[in-house]
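In what follows, a single structure is set out as structure tokens and then discussed.
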């Protein structure tokens, strides 16, 4: 029965489409259809639905929205809209209600209009046509109630704007279809914003019930049950924790753990007696009401020739400028009525409450499950950063405490060793003392010590634990938010997809017409063609789909563009490398000793700042390019569009953010060559080398500056500065439009006008992307920067309140979307967690000196200590073997003649038979490094999988409660069936007694058994057939 009820509206809508198209053609002057009985019947049907008062009382309008009973639409009562109230703004609570002050505004449609090209033009054009009134002319003659601005009868005829008229026709037809769907509308064009009109939408009770049943929304029933509580020691621990955390809990109702839970069930109009309908006004909250209205807006069509348009298409084509639900009211002010928005602002969206827990249930109630899950995930991630930050601080402090005990750095700083190093560049650079790199060597021990290996293993297990903890939290939220049985249904097609399908169908139809024009047809073929045309209907787009051949040019463009963008990123990194090499050579020629002694630090810092600026700029560019590439693919649904956009944007931004870090970690200093045989870029620039202490310190500098810079600049400039700048610009424009009455207009603006000036909601992709990139910084290279979790924690404490304030105060209220999980982001997080294990294994093995130290300690050390390690890692070079033109211009810069210089590598000395060849020590260290990578990777992967296996995805108490809910629901329905059966038995018993009453009064004619005939075998006995 429900399937039939769902199909019948679509059938009626298809049947009405030709009539609407014919009416549109008549209005546009394309020719009117003959006024047959079918057209007259449609006209009468529309006249019955839209009736107005007599012409002498046009100030008061009555709308009687009659629905069709056989498709599930219940008739609604006629409503009186009186626009002549004394204080209409106060009565309607400044835009939150209709002008009658009783019906709540559930949704707003915004459109631009030109006052001179008013409804007078259309009415005049329709009156001069000889056709019967179509749907559009009727809807124009009977406008929506509200504060419209029709032209006076005596005014001059304005110039006709056919483009604006076409938009107005579409709006009128679409709004008429919304009325047929049962919604109630009210128009307001007399606003403080010039040239902008608003259509207020209200969903009556019967429409809410119908759509809640269609959407299978779980609503609270009258049944309540006890939640299983912890007992014994766990109960005492939880009570103690509750008392300790009481000061940091938000002052929000129902935030504390509840002992009772209301049983929820998918809403059904046949079982309304099961639900608590004592207060119908609050049974469907504002979030649910706006969701229901948005579903109606998406599936309601506006026919234009053969093209079916929904609200997304109308917004894309500029028919409507915006569509959004209203905020519950103001969030600050002395006389502001208390509402959920104000409560969220006071307990969640202020920086002063940064230490408090988030009121996630209230966030979900106001913004919906999808946004609620984002903030819940962000809260869990921030909480999990606390133990990671503590361990990272301990590792850093361990490095500080053991700095003076580190023998290799002490040997490098000891000037008695008098180790002369080979020049860092050709000609301009001279020989230098290893002791000049003392500060870098000592600082590198802060991050390159045995505790770093432990911290890498810890962070890998931390990532696995975080993912499991989030899955459990997600299941707990699904239970509390009644999403356990929720399954996402296929979304409506996007506007761009429908337009592309329409274009394809029209091309296909034109080709078929061309073929039929050239091929002679007999009477039989003509009859078949007419039958096919009649069966096809007007919606050709339902039978046409986009195949991979249609999308192949877009796929090819995507692949070429992504490869090109990645190549651009690599080219920029190469450019920064050339800058570092040339800058180092230029600074080496400086006469100042202080400049020459700080060449490495200066070059590294400036290069990282350049990388940071380029990364931030390319992030914005790549985000726009990823959106454009996704658009040309023309995905069918919003979910498919979002997933493809996320994949492209993440790929490009991942490469953009981490390519400079990957270069320093795994490529810098690996392909340098040796003195006398260096590797050159473009035959001019010699590849740069790592410092004697290794590249780990430089990697730490690179990672910290990029991570902190991205967080500070993106948070402060992009998320705080730019929205405030836009708001200030809107304020100046508004002040310029009406400078004299600006303050008065601000005070008297309606709620929908204030919300229209807010920024539209652009989705959660930028918020998730920022956190995912940060998660990569925390996990991928944590071996080189143990303080990364601490800085991420400090950033997220601000980020939560920043995002909260943006959602509550800066953005229009988004449409609530139901969701069970965070979608594709979970898979990306898991992928980063797995990749982090591999990268950290290579960082420890190849970037740091951890493995060479172990090899030296257990294979080459004479006394079992690290004494002599620095000398073991340095090779010797005879300066007479320099290539022509590469020797230092000033060989006596150190004050003495240098014959042998040292460089970091494992090679044979110049007095060996195979001089400068790779030595056996190199292969021993390489074998140890590869062995460490294999062991570390497999061990940590096994431990991570073990954590996944040990921790169940669904908490035990939640699984028990879900099972308990199912049992209670079965008992409830069984009891209901038993009550029905008892009522039926009682009624059958009364009927049987009535039938036996004449026999008891000795009336033989009324008793069939008195004739001696046996009772029929199909008679009822005891209520059983």
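Residue numbers (the working numbering): 1 to 1025.
Every residue gets a Cβ at the ideal spot worked out from N, C-alpha and C, and that includes glycine.
Owing to the predicted nature of the structure, the values given are computational and were not obtained by experimental measurement.
With a cut-off of 8 Å on the beta carbons, I'd call residue i and residue j a contact; round off their distance for me.
i	j	result
residue 714	residue 770	7 Å
residue 324	residue 803	About 19 Å separates the two Cβ atoms, so there is no contact after all.
residue 108	residue 169	So it is not a contact: roughly 21 Å between Cβ atoms.
residue 596	residue 588	6 Å
residue 585	residue 425	5 Å
With a threshold of 7 Å on Cβ separation, who are the neighbours of residue i within its own chain once the five nearest residues in sequence on each side are excluded?
i	result
residue 828	650 and 772
residue 811	758, 759 and 761
residue 908	914, 915, 916, 917 and 919
residue 611	576, 660 and 706
residue 479	958, 961 and 962
residue 604	698 and 701
residue 727	none
Tell whether a beta-carbon distance below 8 Å holds between residue i and residue j.
i	j	result
residue 460	residue 940	yes
residue 413	residue 441	yes
residue 431	residue 888	yes
residue 392	residue 712	no
residue 953	residue 583	no
residue 692	residue 427	no
residue 195	residue 327	no
residue 396	residue 797	no
residue 96	residue 329	yes
residue 922	residue 906	yes
residue 366	residue 110	no
residue 937	residue 837	yes
residue 283	residue 213	no
residue 1026	residue 237	In this structure the chain extends from 1 to 1025, so residue 1026 is not present and cannot be described.
residue 289	residue 208	yes
Grab me the residues of residue i's own chain with a C-beta within less than 6 Å of its C-beta, minus the 5 sequence neighbours each way, in chain order.
i	result
residue 840	456 and 783
residue 824	643 and 646
residue 30	Interpretation of residue 30 is limited by its pLDDT of 38, a score under 50 that renders its predicted location unreliable; the figure taken from the coordinates is listed afterwards. Here the set comprises nothing.
residue 945	none
residue 850	844
residue 55	Because the pLDDT at residue 55 is just 35, under 50, the model does not fix this residue reliably, and the value given afterwards should be weighed accordingly. Correct list: empty, nothing qualifies.
residue 777	707 and 788
residue 792	385, 774 and 778
Taking residue i as the reference, give the member of the options with the closest Cα.
i	options	result
residue 652	621, 637 and 663	621
residue 830	726, 465 and 297	465
residue 593	902, 964, 993 and 894	894
residue 361	477, 876, 756 and 567	477
residue 963	383, 263, 835 and 333	263
residue 177	329, 302 and 452	302
residue 925	857, 974 and 989	857
residue 608	295, 628 and 580	580
residue 898	106, 955, 764 and 878	878
residue 248	300, 357, 298 and 614	357
residue 398	450, 419 and 291	450
residue 689	179, 595, 847 and 291	847
residue 871	215, 408 and 728	408
residue 565	874, 623 and 666	623
residue 640	835, 332 and 491	491
residue 216	182, 292 and 861	292
residue 1087	352, 975, 955 and 994	Coverage of the chain is limited to positions 1 through 1025, which leaves residue 1087 absent and any answer about it impossible.
Within a Cβ cutoff of 8 Å, which residues of the same chain sit near residue i, ignoring the five residues on either side of it in sequence?
i	result
residue 680	686 and 687
residue 252	343, 347, 359, 361 and 362
residue 551	633 and 634
residue 800	354, 358, 375, 378, 379 and 382
residue 723	759, 806 and 810
Is it the case that the CB of residue i approaches a heavy atom of the ligand ADP more closely than 7 Å?
i	result
residue 404	Only the bare structure without any ligand can be found here, which leaves the ligand ADP out of the picture.
Counting beta carbon pairs with one atom in the stretch 652-659 and one in the stretch 695-704, are three or more of them shorter than 8 Å?
no
Touching or not, the stretch 808-822 and the stretch 371-390, by the rule of three or more beta carbon pairs under 8 Å?
yes
For the 8 Å Cβ check, are there 3 or more pairs between the stretch 213-221 and the stretch 265-281?
yes
Kindly confirm or deny that the stretch 626-640 and the stretch 486-499 touch, where touching means at least three C-beta pairs closer than 8 Å.
yes
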